[in-house]
Amino acid sequence: MNPKNISPTTQLDDLSLINGIRQNNMKCYRLFQSRYFTCIKHLFNSWINDASDAEELSCDVMMKAITTIDRFDAAKGNMRLWIYVIAINTRNDYLRKLAAREKEAKVESLDQHVNTGSDMLRIDFLVDTRADSSESSSSSSAYTSNPALAAAQEVINGLSADTRYILQMHEDGYTSSEIAETVHKPEGTIRCICSRIKKAIRAA
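Count along the sequence shown starting at 1, add 925, and that's the number in our numbering.
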């Protein structure tokens, strides 16, 4: 579709939207923002207590997605997964900086500050989707000194990046069908993966 013919109500697939963004088409930029910003903002509001920071980080994610749009590879998953990964890494960077500031100020540790009361939800803050597992291992100590959560982190560190994405999405409230559509795997496989990971974490 010619980007010049796009109207505000036009329904485009992601690849057409990407092509429009590459051509600096403002209508495609607006459609991209409309399609993904609300979802990303909802995630940050569930991750972070500060509404202002959540808004700013959501905007950062959208900007990163647009400025690095040429790196998107449809063979590795759909656009929603790609933006989701950017959001997770942006959140983890924010939490590292927050932990460092709190350490310098000698206030209570980050794992106490963000404690949600649920071990599985607390584990959410430990999941780092970066390829460098050594960075993940070294940074996880900033989040918790709880032996049980440290053992759970070891289980998570042993997972492949794709499996960590699935775990993260599951803990963020995505349904098995939504995850399956996003990562291009059968829904039954997603349910088995989540069940197996939870059992491994409980046994850790």
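Don't be surprised by glycine CBs; every beta carbon is placed ideally from N, CA and C.
Reducing DSSP to helix, strand and coil, say where residue i ends up.
| i | result |
| --- | --- |
| Ile1118 | helix |
| Ile973 | coil |
| Tyr1099 | coil |
| Pro1111 | coil |
| Ala1076 | helix |
| Lys1123 | helix |
| Gln948 | coil |
| Ala979 | helix |
| Ser941 | helix |
| Thr993 | coil |
| Ala1105 | helix |
Could you pull out every residue in the same chain whose Cβ sits closer than 6 Å to the Cβ of residue i, ignoring the five residues on either side in sequence?
| i | result |
| --- | --- |
| Phe969 | Ala979, Leu982, Ser983 |
| Ile1048 | Here Ile1048 scores only 42 on pLDDT, less than 50, and its place in the model is too uncertain to base an answer on. |
| Ile1122 | Leu1092 |
Considering only residues of the same chain and omitting the five flanking positions on each side of residue i, which have a CB-CB separation below 8 Å?
| i | result |
| --- | --- |
| Ile991 | Ile946, Tyr954, Phe957 |
| Thr1107 | Gly1002, Asn1003, Arg1005, Leu1006, Tyr1009, Met1094, Tyr1099 |
How many whole angstroms separate the CB atoms of residue i and residue j, which I take to be in contact at a CB cut-off of 8 Å?
| i | j | result |
| --- | --- | --- |
| Ile1126 | Thr1088 | Between Thr1088 and Ile1126 the Cβ distance is about 12 Å, and since that is not below 8 Å, they are no contact. |
| Ala1129 | Val1080 | 5 Å |
| Glu1112 | Ser1101 | 5 Å |
| Ile965 | Ala1012 | 5 Å |
Excluding the five sequence neighbours on either side, which residues of its own chain have a C-beta within less than 7 Å of the C-beta of residue i, listed in chain order?
| i | result |
| --- | --- |
| Ser1059 | Its pLDDT being 44, under 50, Ser1059 is placed unreliably in this model, and the coordinates cannot settle the point. |
Can you check whether the C-beta of residue i is within less than 8 Å of a C-beta belonging to chain B?
| i | result |
| --- | --- |
| Cys984 | As a matter of chain content, chain B is missing from the structure shown, which is built from one protein chain. |
Inset, instruction - Check whether the stretch 1069–1084 touches the stretch 1093–1101, taking contact to mean three or more Cβ pairs, one atom from each stretch, closer than 8 Å. - result: no
Legend entry - Cβ pair count under 8 Å reaching 3, the stretch 971–990 against the stretch 1010–1022: yes
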